[in-house]
Structure formats: structure tokens, C-alpha cells
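Contents: one structure, followed by commentary.
Residue numbers (full-length UniProt numbering): 1 to 257.
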């Protein structure tokens, strides 16, 4: 089905997102995502979301900061974003490294401001499509969910523990998960989950293969999604969603196998 893209206010955008969620919950797929994602209201919302985040003013490889764009005339900035997607060519991300708790280094990608806004516009529209089909007990990188929700759910399971039906907890980690996502499989999973607009899938593909710059050298990215990108956590959840449901059927709801 085609998404309504003629909304003219934040409330109409919110209503549209709620509508998308409900229709996706019933199994619908969506076209017309491009127009909804780059509607004026969506662009303004994306800019507000980004500028309120820590590190929003950190520049990508072009050296431009968010403050530069915030000083532009609003209509000119909206026009610049809309013009950018006509023949979209995302710039490589600027790679840096941050130290993890175990002392190892985690790669972090810093996109240009324009690419960041474009990512956020797409995330806003496709998130409810995906959220409607995510496994309910997945608490990572999701709106209105945090560590305390996962802890509450874990405590509920612990309270159900009996000698006859013991509760078993398994800790695991997918090493370098973000860096090893297969692009072809991810795009196929996005389509299956309901993102049917092939123009949006093509833009996401371009984002995935844009590469990164470290030092003075550019590197290609034939797999993985950027840690630090606005849309990356959502894409990571899409990629693992089938796995989440499989584990749920096997262990959380074993009778549904």
C-alpha cells in the first residue's frame, strides 16, 4: 500500500506513523516511502532529532557542522535535502575508534550532516514498519525500551522459576556484529518486513557501500553497517529479527514450534 505523504504538521506525521504501524502489524507492505520520508515535516523533524543528540555538531569528512545548516533559511535547507536524494551519492564516513570496557577498540563512523539528515528521514518512516514486526522481547536499540525494561522482564522470568521448570539464562555475544552484516541479505529482509519501495532500498544500499575514510586512506565497505549512523541500529535489528523469533519459538514459547 502507498503511504500518505501530504501531511503538513507534526501531529499529522505522528498520525501517519501510527497508521503505518497498525497496517504493518496486519502484514501490509509499503510503497511511497520516499515521498513520506522527504516531506517537509519529516525533514524538519529529522533535523530536530539530530540536533538534540550528543555529538550532533561533530563534522564528517566534509568538515561541515550542524550549526552551519541551522543558520540556513529553512526552505533552502529543506530544498537542499530534497535535491540531494535526486541522484543520491552519500559521502564516505569518517572513521574513528573508541575504547570498549574490555580495552579493545570499537570503530565509530561519523557521517556528514546531510547524510545524517537523510538517514534520519528514512528511519522515521520505516521504523514503524519494522517495529510492528519485531520480536516483542527484543529490548535493544528500540524506542520506548531501555535496560530497565529488560531487567523487569528478566525478573518476571526468574519469579516463574520452579524445580520442575527451571529458568536458564544464556549470555552470548555476536562478535563484531555491525561490521559483518551481509548487505544483500539485509536488503532482502527489509523488503520482506514491509519496506517495498525500491527507491528507498537503493538509497540504503548506497549508504551501506559508501565506504569510510581513516587517516588519508579510503576503504570500501562490502559488508557491515556503520556504528554511529542514525539508521544502523534499526537495520541491525531487522537483520536479527528472524533469529529473535526463532529463539523465542524454541525457548520462550516452546509449544509454538
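We treat Cβ as the ideally placed atom computed from N, Cα and C, and that holds for glycine.
Output the distance between the C-alpha atoms of residue i and residue j, rounded to the nearest integer angstrom.
i	j	result
residue 184	residue 235	12 Å
residue 107	residue 98	7 Å
residue 249	residue 172	18 Å
residue 38	residue 135	28 Å
residue 256	residue 144	Caution is warranted here: a pLDDT of 47 is assigned to residue 256, below 50, making its placement in the model unreliable, and no coordinate value can be reported.
residue 205	residue 187	7 Å
residue 59	residue 101	26 Å
residue 64	residue 111	10 Å
residue 6	residue 18	15 Å
residue 31	residue 124	15 Å
residue 42	residue 9	9 Å
residue 244	residue 201	23 Å
residue 35	residue 195	13 Å
Short check: CB of residue i to CB of residue j, under 9 Å?
i	j	result
residue 128	residue 21	yes
residue 199	residue 33	yes
residue 237	residue 121	no
residue 259	residue 91	Given that the chain is displayed from residue 1 to residue 257, the structure contains no residue 259 and the question cannot be resolved.
residue 227	residue 178	yes
Bridge partners of residue i, per DSSP?
i	result
residue 99	105
residue 217	214
residue 31	2
residue 184	DSSP lists no partner for residue 184.
residue 94	110, 213
residue 195	30
Excluding the five sequence neighbours on either side, which residues of its own chain have a C-beta within less than 6 Å of the C-beta of residue i, listed in chain order?
i	result
residue 113	64, 66, 69
residue 40	78
residue 210	90, 92
Leaving aside the five residues before and after residue i along the sequence, list all residues of the same chain whose C-beta is less than 8 Å from its C-beta, in chain order.
i	result
residue 160	167
Return the chain-ordered list of same chain residues with a C-beta closer than 7 Å to the C-beta of residue i, the five sequence neighbours on each side being excluded.
i	result
residue 57	65, 66, 67
Query - Given 8 Å, three or more beta-carbon pairs between the segment 158 to 166 and the segment 82 to 92 - result: no
**Report entry** Segment contact, 8 Å Cβ cut-off, at least three pairs: the segment 42 to 49 with the segment 205 to 225
**Finding:** Judged by Cβ distances under 8 Å, the segment 42 to 49 makes no contact with the segment 205 to 225, as fewer than three pairs qualify.
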